[in-house]
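Since the structure comes first, as structure tokens, the remarks are kept for the end.
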Amino acid sequence: MSVHVIYIKDGAKMMRPVLTREEYLALRNGGEQQQLVARIRNGEETLKHKLLQMNYSCLPNEDGSLKGSTRMSTTVGMDIDHLTPDEMPAVRERILGKKDELGLKMMEESARGGGYHLVFARRPELSQEENLKWASELISVAYDSGAKDITRVFFTTTEAELLYLDDAIFEEAEQVDTVIQCDSSKTSVTSRDRGQGQSHPVTGTSPQSRQRTKEKS
1 MSVHVIYIKD GAKMMRPVLT REEYLALRNG GEQQQLVARI RNGEETLKHK
51 LLQMNYSCLP NEDGSLKGST RMSTTVGMDI DHLTPDEMPA VRERILGKKD
101 ELGLKMMEES ARGGGYHLVF ARRPELSQEE NLKWASELIS VAYDSGAKDI
151 TRVFFTTTEA ELLYLDDAIF EEAEQVDTVI QCDSSKTSVT SRDRGQGQSH
201 PVTGTSPQSR QRTKEKS
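Take a look at the structure:
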């Protein structure tokens with residue numbers, strides 16, 4: 001899975017996979033989550049650390065913990081910050097216009113506004129940082145250079161700020177086996193079986209998801 005929600009156990013950040021669109025949206029739409037986002041957008045930025053946290057770039061360690069993970073997932077999380085109100089619409093349309101080439105899986109507005117969080121399909125021949133640079137060049141917008149580690153978490157918003165979601169983000173896929181370094185040097189990786197899905201808007205579902213539903217009925 002490429003979506004993990006973060007929780008705390010004995011003082012350590014742990015990872016739990018989010019398996020379906022329904023579960024993902026339910027987490028985003030929790031009562032406290034919605035209240036926090038509203039208050040943060042009204043200027044109470046110190047509440048940001050209380051928001052739901054997600055990771056999209058790595059898999060948990062054997063004990064389920066996040067810290068120090070070197071196991072990449074099949075997607076990359078990207079943080080875009082410091083956009084002006086005038087820049088926001090143009091950047092949004094540019095990203096959505098490149099969604100197929102980018103392999104876009106998720107796009108949301110950041111909690112404070114003025115930025116976006118993206119999740120896109122990992123190019124396994126590239127390192128984490130090289131994936132971010134590749135995407136940045138494709139969509140012509142800079143990424144947060146301080147958010148280039150695979151263990152980076154994203155402070156999640158609500159469904160109202162969710163601009164795009166592809167069900168392929170929830171599909172089972174074997175991990176990319178590698179040790180990742182956050183620099184510009186290339187890392188050799190092996191991707192045994194990456195989940196494949198087509199891009200769909202937030203209200204849609206992937207063909208694979210619909211097929212699984214038919215098989216269950």
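Residue numbers (the UniProt record's numbering): 1 to 217. Glycine included, C-beta positions come from ideal geometry on N, C-alpha and C.
Under three-state DSSP, which class holds residue i?
i	result
SER65	strand
ILE180	Residue placement at ILE180 is poorly supported in this model, since its pLDDT is 42, which falls under 50; the coordinates still yield a value, given next. ILE180: coil per DSSP, three-state reduction.
LEU118	strand
ASN55	strand
Pick from the options: whose alpha carbon is nearest that of residue i?
i	options	result
VAL76	LEU118, GLU161, GLU22	LEU118
THR21	ALA135, MET15, ASN29	It should be noted that the sequence gives Arg, not Thr, for residue 21. The residue with the shortest Cα to Cα distance from ARG21 is ASN29.
ALA111	THR156, VAL91, GLU130	THR156
ASP81	LYS133, ASP100, GLY113	GLY113
MET72	ILE150, ALA168, LEU165	ILE150
With distances taken between CB atoms, is the gap from residue i to residue j smaller than 8 Å?
i	j	result
residue 218	GLU109	Residue 218 is absent from the model: the chain starts at 1 and stops at 217.
LEU83	GLY115	yes
LEU36	LYS13	no
MET78	VAL153	no
LEU163	ARG92	yes
Tell me whether residue i is buried or exposed, calling it buried when 16 or more other Cβ atoms sit within 10 Å of its Cβ.
i	result
ASN42	exposed
GLN128	buried
LEU66	buried
Over the uninterrupted alpha helix (DSSP H) stretch that includes residue i, give me the two end residues.
i	result
TYR7	Careful: TYR7 lies outside any alpha helix (DSSP H), inside the beta strand (DSSP E) at 4-9.
Which two residues bound the contiguous beta strand (DSSP E) that contains residue i?
i	result
ARG16	12-17
GLY77	75-80
LEU163	162-165
MET107	104-109
MET72	Neither: MET72 is in no beta strand (DSSP E) and is coded neither H nor E.
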